[in-house]
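Residue numbers (the numbering used here), protein chains in the order written: chain H, 1 to 290; chain S, 1001 to 1339. From the three backbone atoms N, C-alpha and C, an ideal C-beta is built for every residue, glycine too. Computed from a predicted model, the values in this text were never measured in an experiment. Working notes, structure below.
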Amino acid sequence: MAFNIIVLAKQVPDTRNIGKDAMKADGTVNRGALPAIFNPEDLNALEQALGIKDRYPGSTITMLTMGPGRAADILREGLFRGADDGVLLTDRAFAGADTLATSYALSTAVRKIGKYDLIICGRQAIDGDTAQVGPQVAEKLNIPQVTYAEEIEEINNGKARVKRRLENGVETVESPLPLLVTVNGSARTCRPRNAKLLLKFKHAKTVTERQAENIDYIDIYSTRPYLNLTEWGVADVDADIDLCGLSGSPTKVKKIENVVFQTKESKHLSGSDDEIEQLMIELIANHTIG
Amino acid sequence: MNNIIVYIETDEGAVADVSLELLTKGRSLADQLGCKLEAVAIGNHLGEVGKQVFPYGVDALHIFNDARLSPYTTLPHTSILVNLFKQIKPQICLMGATIIGRDLGPRVSSSLGSGLTADCTSLEIGDHEDRKAGKTYKNLLYQIRPAFGGNIVAWIINPDHRPQMATVREGVMKKEVLDPLYKGEIVEHDVNDYVNADDFAVAVIERHIEKSKVNIKNAPIIIAGGYGVGSKENFDLLYDLADVLGGEVGASRAAVDAGFAEHERQIGQTGVTVRPKLYIACGISGQIQHVAGMQDSSIIISINNDANAPINTMADYVITGEVETVIPKMIKYYKKNSK
């Protein structure tokens, strides 16, 4: 048995360790100062796909990402770790999409890819934390979904057995294929890059990248077709433009507020023995502790 | 009239706290809008749900009772909500941002083509003027949530699509009984009118539910550590202080991501919301996504070596110093001065 797997992955700004230079003086986010990374839970998803490829030889993994041209990095990262090919969905018309418009666009690309048994993606992306795109892609494709997965255990007779992480426990479900699975961060971490694959796919490029870089050894792309990363726009996937980007987004951002804390009159202490003792005495006296 | 509807989560017939919290919020939004508050419960053994939800001001409770609907699976619950909403056309739908709510909400919103905002920390009613289109919208639901890793706060609206859907985490809203004798109507539905056989294609084979060992939600004293605590070993100091004071240990997202503490201790928009009488923030800078989960604490102490940490502005006591030296002193002088 072999399976065709599509891994959905997103390039995200690293919002986890935001330094001071990432916030501008007016309190807005300076996106340029944040490194762009492979969304962490999408790496857990890729690992699940690679695990299936290990156990069911002949299975293939296609990376699919939507974003600006530089998001092709995500596809290469997938190839370095064992994916077979990559598709970049990129078009100005996709810009400003909320989760629903994003899901619509991704679903059109999945339909264009055509044959698939499993779609695997991270539970959520760290820039939005919504966890909505996975289920919404599944709905658009009219296939079942299993969210918060920790392990795709086995696939038998056209059914996948998946372990899920719940609030206070675990659950195992069985679903027919094709199926969309969103993978939780508690799943096993992704294997590192493979040195051979790194060499093999180092020059994998989208057509736009090849043109922009004016590469003179252009003939390697005809002799080594695996170096051609697929790049699709709205027209290539037959998407209805009214359902894409800002116009296809039912949710709108009314406003963005910078963070303003309700400030209190604070008592400042240096951490000296004397001051800490006074603090503890005060907290005991007013029954906060003790 | 287009009403507000709350999806009720149940466990063995007992309604989840988050659902009751949303009913309280839903009731106040309904009063503002002059509409009714409805609720929908889908599962098995739902006979006691009415008794539990009506005191929160529910005017109509839709019941879908069928052994096949419990434990929860995505597809039948989706079909029921989608078909029910097409029929009764609610203007607002609220769900808990639980594993169920975050599995079900997006699927329903996609099917209906309506917008959904996850993990809201505040919900308000207000107007919106779209200057470009020259249109004014009255009484929209403002869905307010930290965004971009919690570094900004976004106000989201759904001007043209209904229902306006939002999920909210447990503990964010406060539950409050409106009237113990409040009378609502029970509407029993025939499940077969709403689902089809394909909806039961996914089967739950095995479940292990453990009672959570950590109970930070109701702890009166919380010692919370951030990335600034520096290591898992330093976190032990927080446990020592928690033991002495009779509190629980919490953590910021950064500390959980760094592996200093378990996920179930995470406080903030994507974790638990807490309101203890004493909150000691150790090495926590104070990203909005964390602050959203602890700002209602009665007394806040911030221990940080950065005198300008954002969280200090909201603290009652700011101790500028290293966590490793300050906490042992707190333990020492608490022991010396108590009893």
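Quick one: does L141 (chain H) have its CB under 8 Å from some CB of chain S?
no
Measuring CB atoms only, is the stretch 1184 to 1197 of chain S touching the stretch 1129 to 1148 of chain S, in the sense that at least three cross pairs come out at less than 8 Å?
In this structure the stretch 1184 to 1197 of chain S does not lie against the stretch 1129 to 1148 of chain S, because fewer than three pairs of beta carbons, one per stretch, are closer than 8 Å.
Residue nearest to V173 (chain H) in terms of C-alpha spacing, selected from H:K196, H:N228, H:I152, H:P40
Nearest C-alpha to V173 (chain H) among H:K196, H:N228, H:I152, H:P40: H:I152.
Taking 8 Å as the CB-CB limit, is N228 (chain H) close to chain S?
no
Output yes if chain S places a C-beta closer than 8 Å to the C-beta of Q132 (chain H); else output no.
yes
Could you work out which residues of chain H lie near Y1239 (chain S), taking near to mean beta carbons separated by less than 9 Å?
Under the 9 Å cutoff, chain H gives no residues; its nearest Cβ is about 16 Å from Y1239 (chain S).
Could you tell me which residues DSSP puts in a beta bridge with M300 (chain H)?
The structure shown does not extend to residue 300 (chain H), since chain H is modelled only from 1 through 290, so no value can be given for it.
Along the chain, which unbroken stretches of the beta strand (DSSP E) at least 3 residues long are found entirely within the stretch 1003 to 1069 of chain S?
1004 to 1008, 1037 to 1043, 1060 to 1065
Quick one: what's got a C-beta closer than 7 Å to F3 (chain H)'s C-beta in the same chain, skipping five residues either side?
I52, Y56, S59, D117, L118, I155
Report the three-state DSSP secondary structure of Q1091 (chain S) (helix, strand or coil).
coil
Using a beta-carbon distance below 8 Å, is D1017 (chain S) in contact with chain H?
no
Strictly by DSSP, which residues pair up with R1253 (chain S)?
R1253 (chain S) is not bridged to any residue.
So with Cβ pairs under 8 Å, would you call Q11 (chain H) a contact of chain S?
no
Indicate whether at least one CB of chain S lies closer than 8 Å to the CB of L100 (chain H).
yes
With a CB to CB cut of under 7 Å and the five nearest residues on each side skipped, what residues in its chain are close to Q1421 (chain S)?
Chain S is shown only over 1001 to 1339; residue 1421 (chain S) falls outside these bounds and no answer can be derived.
N- and C-terminal bounds of the beta strand (DSSP E) containing V1204 (chain S)
1203 to 1209
Examine chain H for any beta-carbon lying closer than 8 Å to the beta-carbon of Y1142 (chain S), and answer yes or no.
Output row for Y1142 (chain S): interface = yes.
Between S:I1125, S:E1048, S:L1104, S:L1037, which has its C-alpha nearest I1088 (chain S)'s C-alpha?
S:L1037
Within 10 angstroms of the Cβ of L246 (chain H), are there 16 or more other Cβ atoms? Answer buried if so, exposed if not.
Here L246 (chain H) is exposed, its C-beta having fewer than 16 other C-beta atoms within 10 Å.
At what residue ranges does the stretch 1099 to 1135 of chain S contain a whole run of the beta strand (DSSP E), taking only runs of 3 or more?
1116 to 1120, 1122 to 1130
Over the uninterrupted beta strand (DSSP E) stretch that includes N1304 (chain S), give me the two end residues.
1299 to 1304
Among residues of its own chain, excluding the 5 on either side of I1411 (chain S), which ones have a beta-carbon nearer than 6 Å to its beta-carbon?
Lying before the first or after the last residue shown, residue 1411 (chain S) is absent from chain S, which here runs from 1001 to 1339.
Determine, for N1044 (chain S), whether the minimum Cβ-Cβ distance to residues of chain H falls below 8 Å.
no
Measuring CB atoms only, is the stretch 1089 to 1104 of chain S touching the stretch 1052 to 1070 of chain S, in the sense that at least three cross pairs come out at less than 8 Å?
Touching, no, given that fewer than three Cβ pairs across the two stretches are closer than 8 Å.
P250 (chain H) vs S1114 (chain S) beta-carbon contact at 8 Å
yes
Look up R165 (chain H) in the DSSP assignment and give the residues it is bridged to.
Per DSSP, H:V170.
Counting only C-beta atoms, is Q136 (chain H) closer than 8 Å to chain S at any point?
yes
Reduced DSSP secondary structure (H/G/I, E/B, other) of R1145 (chain S)
strand
Inter-residue Cα distance where the pair is L1075 (chain S) and D1199 (chain S)
Rounded to whole angstroms, L1075 (chain S) to D1199 (chain S) spans 5 Å at the Cα level.
Please specify which runs of the beta strand (DSSP E), each continuous and at least 3 residues long, are wholly inside the stretch 1219 to 1267 of chain S, giving them in chain order.
Counting only runs of 3 or more, we get 1221 to 1225, 1248 to 1251.
To which residues of the same chain is C1035 (chain S) closer than 8 Å at the C-beta, ignoring the five residues directly before and after it?
M1001, N1002, N1003, I1004, Q1091
On the three-state DSSP scale, how would you describe P1071 (chain S)?
coil
Please report the distance separating the alpha-carbon of K1335 (chain S) from that of A1118 (chain S).
44 Å
Contacts of Y148 (chain H) in chain S (Cβ-Cβ under 7 Å)
I1099
Partner residues on chain S for S103 (chain H), Cβ-Cβ distance less than 7 Å:
Close partners of S103 (chain H) in chain S (Cβ separation under 7 Å): S1110.
Neighbour list for P144 (chain H) in chain S, Cβ cutoff strictly below 8 Å:
T1074, L1075, A1201, V1202
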